[in-house]
Amino acid sequence: MIKDDIFLLVEKSLRRLADENLISVIHPELIVVGHAKDSRFGDFSTNIAMRMAKDYGQPLELASLIIKNLPEDPRFEKIEALPPGFINFYLSVNARSEALIEIMEKGSDYGNLDLGKGKKVNIDYLSANPTGPVHIGNARGIIGYTIANVLTKAGYEVEKEFYVNDIGGQANKFARTLVYWFKTELGETVEFPEGGYPGEFYRELSNKVVQLLGKDKLLAQKPEEIEGTFRRVGMELSVALIKETVCNLKVDFDRWVSEEDVQKSFTEKVFKVLEQNGYTKESEGAVWFTSPDFEDLAEKESVLKKSDGTYTYFMDDIAYHWNRFINKKFDLIIDVQGSNHHGHIARMKAAMKAIGVDPEKLQFVLYQFVRLKQGAEVLRMAKREGTFVTADQVVSEVPSDVLKFFFLLRAPDSHLDFDLELAKNTTAQNPLYYVQYALARLHGILRQAESVSDNQMNINFKDADLSKLKEPEEIAVITDLMLFPEIIEEISFNFQVQKLPYYAIELANKLHSFYDKHRVLSEDAELTKARLYLVKAASIVLAETLMVIGVEAPERM
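When you line the sequence shown up against numbering that gives the first Met the number 0, it's residues 0 to 556, in that order.
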């Protein structure tokens, strides 16, 4: 990428200056290359001269020295120093032409990187608690699907996983809720279980368990067995519903993993590893995790095994990660979770070190939950009170592609107001439709060109003179197309997936400006050919952007 190449050019210049004793020290870590915000000041810019002013003194003078000692590079038609010490790089016509040629040659592979070098990544996302349906707040976890797509494009081998928390305190309360409804339907007078789940969903689910197993079979069981049966079968039915929701959301998983299976297979073994390594202590009849390496855990020591001998969710989670790191040998694990898991991060990283895993290999992407708006009204949701809107309910009114796109419009750690009215809108006010319309318009131009017999040869693109693309709107589109690999690279490091939809929107803006001011199919055959080349390249990049986001890239609308 040109941005990286500029970094290397500037670094070489600084080394030359140091060799000639014109500067005493070089600071490669201070070199930051960015895109010029105003095209009048070039395409790329660096403020390295100002950042080194403490050592050198005169930033504008240093900027001029750096330029004089830059290795020659034909991709830049001009490099200049401007007060107070900026170095601005202007791309040549050939550099832009080469970028378009690269897009055409690579097609949908444009933007593919080798950053991951085939390293194995496991992403656990969505993983909604199976004690109920996926509500719209938790559904934001599907941003993990886009992260997986980005990392795949960046050269990682990615597996997507759904971790089913099918045991523990909440699972038991779930089971008692179903038993309550079973007994209530029989005419018994029973109290609603403490911490149980209110709502019609659980009554209906309880009835489904009864229909599946038969009332007589359930009544024949001992009282202590009934709760276990409702938990097991109720969980199976609930997970089946979640899988239907996953299909409706148009995301997928390579593997579904049960916490109960993890506990049976690995928890005891990993618990002994922690004991042997000195990361446990007994207190109040329970066994706690303790780590001298993480000072912030001093007041947050966590229970691994309760006084009744049962393991906690925390212990099972350590075992779950141990299996992925040690047995399955993943190089990186990314857990996409709600912001309420914030307190879980430090202890999980401490636990990774305790089992011999580099804590930096475990990364978390925390997302804030969603507020659903119907016009000016904010719909109140509380799963534990039985008042929630499910993802399926929203998808029945709003296409899943719109849901995905809207979920990505804010940074994961920012609150999101999901505007139902805007999401239902099928005009340019809806940002996804605005982008998709830009793509469909590109394909419409290409179809029109193919239908004109005189322009049949133009569609081959091979002899297009790309130097004819000189208009500001054309250059703006090309500049944005060149950004796509950088967007993939950046997100693969920081997981800020909101950059993808905003990139798509900005590219659509540039394309609409181009359409509005310039005719693609004109009497000038050579210019037509060059503009068709640009249109085709733009259609490739915009379609691939939408595919990475995980939404449809339509050729017609």
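Backbone N, C-alpha and C define an ideal beta-carbon position, used for all residues, glycine too.
Rounded to the nearest angstrom, how far is the Cβ of residue 138 from that of residue 211, given a contact under 8 Å? Locating residue 138 in the sequence shown gives position 139, where the first residue counts as 1. Locating residue 211 in the sequence shown gives position 212, where the first residue counts as 1. So it is not a contact: roughly 27 Å between Cβ atoms.
For residue 468 and residue 507, which I take to be in contact (beta-carbon distance under 8 Å), what is that distance rounded to the nearest angstrom? As a first step, residue 468 is located in the sequence shown; it is residue number 469 there, counting from the start. As a first step, residue 507 is located in the sequence shown; it is residue number 508 there, counting from the start. So it is not a contact: roughly 19 Å between Cβ atoms.
Do residue 442 and residue 521 have their C-beta atoms closer together than 9 Å? Position 443 of the sequence shown, counting from 1, holds the residue named residue 442. Position 522 of the sequence shown, counting from 1, holds the residue named residue 521. Against a cut-off of 9 Å, the Cβ pair of residue 521 and residue 442 comes out as no contact.
Who are the Cβ neighbours of residue 142 in its own chain at under 8 Å, not counting the five residues just before and after it? For the purposes of this step, residue 142 is taken as the residue at position 143 of the sequence shown. Result list for residue 142: 124, 335, 364, 366, 406, 407, 411, 496, in chain order.
Rounding to the nearest angstrom, what Cα-Cα distance links residue 413 and residue 486 in this structure? By one-based count along the sequence shown, residue 413 stands at place 414. By one-based count along the sequence shown, residue 486 stands at place 487. So the two alpha carbons sit approximately 20 Å from each other.
Would you list, in sequence order, the uninterrupted alpha helix (DSSP H) runs of no fewer than 4 residues that lie entirely inside the segment 247-330? 258-261, 267-275, 312-321
Please classify residue 500: is it buried, with 16 or more other beta-carbons within 10 angstroms of its beta-carbon, or exposed? Taking the first residue of the sequence shown as position 1, residue 500 is located at position 501. With 16 or more Cβ atoms within 10 Å of its Cβ, residue 500 is classed as buried.
Report the option in 250, 461, 43 whose CA atom is closest to the CA atom of residue 551. Working through the sequence shown from its first residue, we reach residue 551 at position 552. Measuring from the Cα of residue 551, the nearest candidate turns out to be 250.
So which of 178, 322, 44, 445 has the shortest CA-CA distance to residue 187? Your numbering for residue 187 matches position 188 in the sequence shown. Nearest option by C-alpha distance: 178.
Give, in chain order, every unbroken run of the beta strand (DSSP E) that is at least 3 residues long and sits entirely within the segment 110-197. 119-123, 156-163
Could you tell me which of 329, 101, 417, 376 sits nearest to residue 393, measuring between CA atoms? Residue mapping note: residue 393 aligns to position 394 of the sequence shown, counting from 1. The residue with the shortest Cα to Cα distance from residue 393 is 417.
Where residue 555 falls, given that 16 or more other Cβ within 10 Å makes a residue buried: Reading the sequence shown from its first residue, position 556 is the one you call residue 555. Result: exposed.
Between residue 236 and the rest of its own chain, which residues show a CB-CB distance below 8 Å, the 5 nearest in sequence each way excluded? By 1-based counting over the sequence shown, the position of residue 236 is 237. So the list reads 204, 207, 208, 211, once near-sequence residues are dropped.
Cutoff 7 Å; reference residue 98; Cβ partners in own chain excluding five residues on either side: On the sequence shown, position 99 is the one that residue 98 refers to. Correct list, in chain order: 477, 480, 481.
Consult DSSP for residue 557 and reduce its assignment to one of helix, strand or coil. In the structure displayed, the chain extends from 0 to 556; residue 557 sits before or after that span and is not available.
Suppose you measure from the CA of residue 454 to the CA of residue 72; what does that come to, to the nearest Å? As a first step, residue 454 must be located in the sequence shown, where it is residue number 455. As a first step, residue 72 must be located in the sequence shown, where it is residue number 73. Note that residue 454 has pLDDT 48, beneath the 50 cutoff, so the model's placement of it is unreliable and no number is given.
In three-state DSSP terms, what is residue 97? As a first step, residue 97 is located in the sequence shown; it is residue number 98 there, counting from the start. Looking at residue 97 - three-state DSSP - the assignment turns out to be helix.
Spatial neighbours of residue 259 in its chain, beta-carbon cut-off 7 Å, leaving aside the 5 residues before and after: Mapped onto the sequence shown, residue 259 falls at position 260. Counting only Cβ-Cβ distances below 7 Å, and skipping sequence neighbours, we find 165, 166.
Could you tell me whether the Cβ atoms of residue 110 and residue 540 are closer together than 9 Å? Counting from one through the sequence shown, the residue named residue 110 turns up at place 111. Counting from one through the sequence shown, the residue named residue 540 turns up at place 541. In contact: residue 110 and residue 540 (Cβ atoms closer than 9 Å).
Among the candidates 16, 22, 49, whose CA atom is the shortest distance from the CA of residue 32? On the sequence shown, residue 32 is found 33 positions in, with the first residue counted as 1. Cα-wise, what sits closest to residue 32 is 49.
Go ahead and pull the three-state DSSP assignment for residue 362. Here residue 362 corresponds to residue number 363 of the sequence shown, with the count starting at 1. Strand at residue 362.
Between 191, 198, 319, which has its C-alpha nearest residue 387's C-alpha? Position 388 of the sequence shown, counted from the start, is the residue given in the question as residue 387. The candidate whose alpha carbon is nearest that of residue 387 is 198.
Is it the case that the Cβ atoms of residue 493 and residue 329 are separated by a distance below 9 Å? On the sequence shown, position 494 is the one that residue 493 refers to. On the sequence shown, position 330 is the one that residue 329 refers to. No, the pair does not count as a contact, with Cβ atoms beyond the cut-off.
Pull the bridge partners of residue 369 from the DSSP assignment, please. Here the question's residue 369 lines up with position 370 in the sequence shown. The partner list for residue 369 (beta bridge, DSSP) reads 415.
Rounded straight-line distance, which links the Cα of residue 94 to that of residue 519: On the sequence shown, residue 519 is found 520 positions in, with the first residue counted as 1. On the sequence shown, residue 94 is found 95 positions in, with the first residue counted as 1. Going from the Cα of residue 519 to the Cα of residue 94 covers about 22 Å.
To the nearest whole angstrom, what separates the beta carbons of residue 136 and residue 368, a pair I think is in contact under 8 Å? Along the sequence shown, one-based indexing puts residue 136 at 137. Along the sequence shown, one-based indexing puts residue 368 at 369. About 4 Å; that satisfies the 8 Å criterion.
With 16 other CB atoms within 10 Å as the buried threshold, where does residue 1 fall? One-based indexing of the sequence shown puts residue 1 at position 2. Buried, since its Cβ has 16 or more Cβ neighbours within 10 Å.
Tell me which residue opens and which closes the alpha helix (DSSP H) that residue 442 is part of. In the sequence shown, counting from the first residue as 1, residue 442 sits at position 443. 430-450 is the span of the alpha helix (DSSP H), which, as asked, contains residue 442.
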